[in-house]
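What follows is a short report on a single structure.
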Amino acid sequence: MNALETQQESIYNLVPKPKYEVEKKVMYRSKYDPNSPLVGSTFGLHGTTATVGRGVNELKKSCTISSTFGPYTKKSDSSPSNFLRKGSRTVPNLQQKSQKPFTRSDAEFKPPVPSSDERPIMGLKTNKSFITANAVDVILCETKVKNKGDVNYLDKEDYGKIPEYLNRVKAEVKHEEEAIKKSVIQKMKEKEAPARKYVQMDEGERQALIEQLKLKWDQVNSKYQKICHRTNNDTIGDIKRKEAQESQLTQLEEDIKQLSRPGPLLILQQE
1 MNALETQQES
11 IYNLVPKPKY
21 EVEKKVMYRS
31 KYDPNSPLVG
41 STFGLHGTTA
51 TVGRGVNELK
61 KSCTISSTFG
71 PYTKKSDSSP
81 SNFLRKGSRT
91 VPNLQQKSQK
101 PFTRSDAEFK
111 PPVPSSDERP
121 IMGLKTNKSF
131 ITANAVDVIL
141 CETKVKNKGD
151 VNYLDKEDYG
161 KIPEYLNRVK
171 AEVKHEEEAI
181 KKSVIQKMKE
191 KEAPARKYVQ
201 MDEGERQALI
211 EQLKLKWDQV
221 NSKYQKICHR
231 TNNDTIGDIK
241 RKEAQESQLT
251 QLEEDIKQLS
261 RPGPLLILQQ
271 E
């Protein structure tokens, strides 16, 4: 039913409309006492502002909580006879282990020095040839390996040169690039070969085209000569106009040069 039908007289207005009972929600009541003072309030403190932070009824009456680390669990004994005595908190003396005398083994001692009363045995001789014995010992001993010292990498043959594997990788990459380039060029030639057809331009047509290009060059040059003497180009339009005329003159000269070459001129035939 739209708004127009409700404003005008209609039979639908006689139909009784259903009535819905609105449920009334329970009134919210705080669990805290509404008559208690505000949190952290300073009203009614009777000359003190040392509040705990939860209201006026809980005042900070003593400093016992803040005098220790953590919550206060035990009532302090303030008796003057109970004070900290020297050595009452020290660790009890540990039992000292019995020390054994230090002794050395006989193997660690060198043979004793001869006494002043001891005399050496005189007249002892030997038939051993020390020269021959030394020669035999030298012949039978193993050859000692001389220390050649640290390796000097500056003396290597390939020092300062490009490693062989890098040259090999570069050659492989270059070979692959050339193969890809050749295949792309071959495919382009195959696609363009049947579609492109060149025909020779008529000599009269070429001369007429050259004359038209020269006339065009004269027109552009006449305009360019009027502004080329300016040394101060104040506006951006003058600068762009001069650059455009210079590029146009250069392009016309290049076209005239291409058409004036000796020999036949081939042009692409448009289908």
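Note that UniProt numbering has the sequence shown beginning at 1, numbered continuously upward.
Every residue, glycine too, gets a C-beta built ideally from N, C-alpha and C.
Segment limits, beta strand (DSSP E) that includes residue i
i    : result
V199 : 198 to 200
L268 : 266 to 268
Where the alpha helix (DSSP H) containing residue i begins and where it ends
i    : result
K170 : 164 to 192
V145 : Segment: none, V145 is in no alpha helix (DSSP H) and carries neither H nor E.
V220 : 203 to 227
I236 : 236 to 259
Inter-residue spacing [alpha-carbon to alpha-carbon] between residue i and residue j
i    : j    : result
L252 : T235 : 26 Å
P262 : Q269 : 21 Å
A133 : L124 : 20 Å
V145 : I131 : 25 Å
E246 : Y224 : 8 Å
Q186 : E205 : 35 Å
S79  : P101 : 53 Å
K17  : I11  : 13 Å
K214 : S183 : 43 Å
P163 : G149 : 26 Å
K19  : S36  : 44 Å
N152 : K161 : 16 Å
N221 : K189 : 41 Å
E108 : K156 : 52 Å
K128 : V136 : 13 Å
A50  : G87  : Because A50 sits at a pLDDT of 49, beneath the cut-off of 50, its placement in the model cannot be relied upon, and the point is left open.
K181 : H175 : 10 Å
L266 : D218 : 27 Å
D106 : T126 : 32 Å
S115 : I139 : 41 Å
Simplified DSSP state of residue i, which is helix, strand or coil
i    : result
Y32  : coil
E108 : helix
V138 : helix
T103 : coil
T90  : coil
I121 : coil
K60  : Since pLDDT at K60 reaches only 48, below the 50 mark, its modelled position is unreliable, and no value is offered.
D155 : helix
Residue i beta carbon near the ligand FAD (any heavy atom closer than 8 Å)
i    : result
E253 : With respect to the ligand FAD, the structure offers nothing, as it holds no ligand at all.
* Touch test, the region 195 to 204 against the region 223 to 242, Cβ-Cβ under 8 Å, three pairs minimum -> no
* **At least three beta-carbon pairs within less than 8 Å, the region 203 to 223 to the region 252 to 267** => yes
* **Touching by the beta-carbon criterion (3+ pairs, under 8 Å), the region 157 to 170 and the region 215 to 234** => When Cβ pairs closer than 8 Å are counted between the two stretches, the region 157 to 170 is seen not to touch the region 215 to 234, the count staying below three.
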